[in-house]
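Remarks on the structure that follows.
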Amino acid sequence: MGGLFSISMPCDQVVNQVSQCLGTHGSYIYSLSENLAALQRDIEVLKAKRDDVQRRVCREEFTGRRERLSLVQVWLTNVLNTENKFNDLLRTYNIELQRLCLCGFCSKNVRLSYLYGKRIVMMLNEVERLSSQGVFTDVTEEIPVAKVDEMPVQATIVGQETMLEKVWTHLMEEGVEILGMYGMGGVGKTTLLTQLNNKFSETCRGGGFFEVVIWVVVSKTPEIHRIQGDIAKKLGLGGEEWDQKNENQRALEIHRVLKRRKFVLLLDDIWEKVCVAACCFLYCSLFPEDYRREKERLIDYWMCEGFLDENQTRERVLSQGYEIISILVRACLLLEEAVNKEQVKMHDVVREMALWIASDLGKDKEQCIVQARSGLCEIPRIKNWSGVTRMSLMENEIEIVSGSTECSKLTTLFLQKNASLIHISSDFFQCIPMLVVLDLSGNSSLRKLPEQISELVSLRYLDMSKMSLDMSLMEELPQQYKGLAVVV
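In structure tokens, the structure reads:
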């Protein structure tokens with residue numbers, strides 16, 4: 024026996040279905056597999072071209088002096104987005120194939136197959152367009168001058184956070200245009216300046232009001248040509264025309280650019296021209312009004328205090344010291360004696376200004392104690408001995424010097440020409456362990472010093488001239504005083 028199975032379907036429905044499949048957009052369905060294969064080939068070519076461009080970009084960006092062009096970055100981003108879209112198409116490919124019928128000429132769901140096939144064709148066009156756009160003569164350009172070059176910072180020194188905030192607060196005050204930081208080598212000035220530079224970096228990234236921050240290392244032997252070159256690079260100046268300019272022309276060009284911009288100039292390792300001439304200028308305020316001081320003796324004080332580079336020869340130190348004195352004289356901050364050119368003095372008004380600066384602009388008057396020629400008969404009473412750095416009690420009537428409170432920061436002590444001075448107690452020198460300069464000259468009534476003077480391990484300069492001391496004391500001083508400068 025046999026069976027009979029039949030299907031009936033309205034003729035017009037079959038015609039319409041087949042007509043729709045084979046119409047103008049029918050290729051989206053019956054060419055689906057072929058189009059997808061072509062898309063896969065074109066995608067692989069596009070990815071290879073993308074990899075070539077990316078490697079070229081990375082190679083040129085490696086030194087950090089160039090950055091990719093915006094057009095190149097947009098193209099790379101578009102290629103990535105297209106690749107992601109292609110991967111999305113592949114995830115549903117098997118499902119779409121299962122929808123096809125009539126040997127791939129039609130679909131069980133014409134609408135979905137049509138949309139899928141259309142996406143493939145559109146992506147083919149997009150890949151072709153991206154591939155034609157991926158031909159670049161240049162892929163990078165020189166990086167424009169950054170507002171701030173962020174710098175690596177060394178380990179923070181104890182208390183430096185407070186100092187950083189103090190400096191930053193001063194800089195942000197209205198009307199402040201110049202701020203100097205000074206101190207002996209190794210105390211952390213460069214580290215503090217680096218932290219300040221990076222703080223400007225944070226401000227500029229947040230839309231701060233400075234357009235450019237320039238860092239320049241001056242060094243002990245400043246080279247104007249090099250310094251001008253460092254500033255010029257930061258400002259985008261340079262080229263053959265710049266190289267042919269002399270120092271004055273370069274200075275005018277730098278000034279022309281900077282006067283139109285809000286800028287910060289950080290000068291590190293300043294020695295001869297600014298910083299040294301300035302903690303030297305302030306030192307001269309330790310002497311009484313109209314006091315004449317020999318230039319060479321003044322230079323000795325400065326050297327022992329660490330203002331001048333003591334690692335150089337005596338001749339070189341003296342030369343540096345005389346140059347600083349000349350700078351101060353030309354600026355009318357010191358007055359050269361008309362008769363004896365080897366002596367200088369400070370005008371009363373200038374001296375008052377120097378004392379004001381030395382006291383942290385009047386905020387800490389006990390930081391530098393100057394009561395020279397004040398008629399004192401005893402050591403003055405100080406509230407905070409631990410904060411005193413320099414003290415001048417010269418030309419008074421002090422009879423006895425004693426101490427019980429430690430003055431750990433005191434580096435210079437002037438006690439010369441106290442005609443009535445007859446005794447210095449043994450505990451006094453124990454209270455000033457960091458003393459570097461001690462001037463006892465002209466104390467004719469002082470005939471003996473306590474043995475505890477040997478505990479002044481930092482002492483570099485001791486003046487005992489015009490005294491009636493037993494000089495055998497000097498023979499008993501320990502070995503650490505081998506390099507001590509003694510004036511007798």
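Numbering (our numbering), first residue to last: 24 to 511.
By construction, the Cβ of each residue, glycine as well, lies at the ideal position given by its N, Cα and C atoms.
What does a CB cutoff of less than 8 Å around residue i pick up in its chain, not counting 5 residues either side in sequence?
i           : result
residue 379 : 385
residue 514 : No answer is possible for residue 514: the residues shown for the chain start at 24 and end at 511.
residue 366 : 315, 316, 317, 318, 359, 360
residue 442 : 420, 465, 466, 467, 468
residue 148 : none
residue 95  : 76, 80, 159, 162, 163
residue 183 : 211, 214, 215, 218
residue 334 : none
residue 200 : none
Put residue i into one of helix, strand or coil per three-state DSSP.
i           : result
residue 154 : helix
residue 223 : helix
residue 314 : coil
residue 161 : coil
residue 212 : helix
residue 439 : coil
residue 303 : coil
residue 45  : Confidence in residue 45 is poor, its pLDDT being 48 and thus under 50, which makes the residue's placement unreliable; the coordinate value appears in the next sentence. The answer is coil: DSSP assigns residue 45 none of H, G, I, E or B.
residue 81  : helix
residue 326 : helix
residue 414 : strand
residue 114 : helix
residue 366 : strand
residue 235 : strand
residue 273 : helix
residue 360 : coil
residue 65  : helix
residue 250 : helix
residue 136 : helix
residue 383 : coil
residue 90  : strand
residue 308 : helix
residue 242 : strand
residue 75  : helix
residue 321 : helix
residue 460 : strand
residue 287 : strand
Could you tell me if residue i is buried or exposed, where buried requires 16 or more neighbouring beta carbons within 10 angstroms of its beta carbon?
i           : result
residue 145 : exposed
residue 431 : exposed
residue 44  : In this prediction, residue 44 has a pLDDT of 46, which is less than 50 and means its spatial position is unreliable; what the coordinates show is noted afterwards. Residue 44 comes out buried.
residue 440 : buried
residue 472 : buried
residue 323 : buried
residue 285 : exposed
residue 450 : exposed
residue 166 : exposed
residue 140 : buried
residue 118 : exposed
residue 344 : buried
residue 300 : buried
residue 377 : buried
residue 257 : buried
residue 272 : exposed
residue 368 : buried
residue 136 : buried
residue 354 : exposed
Contact defined as beta carbons within less than 8 Å: I believe residue i pairs with residue j. What is the distance between those atoms, to the nearest angstrom?
i           : j           : result
residue 91  : residue 162 : 6 Å
residue 66  : residue 106 : 7 Å
residue 116 : residue 62  : That belief does not hold up - the Cβ atoms of residue 116 and residue 62 are roughly 11 Å apart, past 8 Å.
residue 215 : residue 204 : 6 Å
residue 270 : residue 248 : 7 Å
residue 487 : residue 458 : At roughly 14 Å, the Cβ-Cβ gap does not stay under 8 Å, so residue 487 and residue 458 are not in contact.
residue 418 : residue 311 : 6 Å
residue 546 : residue 397 : In the structure as shown, the chain starts at 24 and stops at 511, and residue 546 therefore has no counterpart that could be examined.
residue 101 : residue 153 : 6 Å
Among the residues of its own chain, which have a CB less than 7 Å from the CB of residue i, if the five just before and after it don't count?
i           : result
residue 412 : 390, 391, 432, 433, 434
residue 194 : 202
residue 491 : 467, 470
residue 356 : 304, 373
residue 400 : 420, 421, 422
Near residue i, what residues of its chain come up, given a Cβ to Cβ distance below 6 Å and the 5 sequence neighbours on each side ignored?
i           : result
residue 415 : 309, 393, 395, 437
residue 476 : 452
residue 246 : none
residue 425 : 448, 451
Q.
With three or more beta-carbon pairs closer than 8 Å as the criterion, would you say the segment 319–337 touches the segment 302–309?
A. yes
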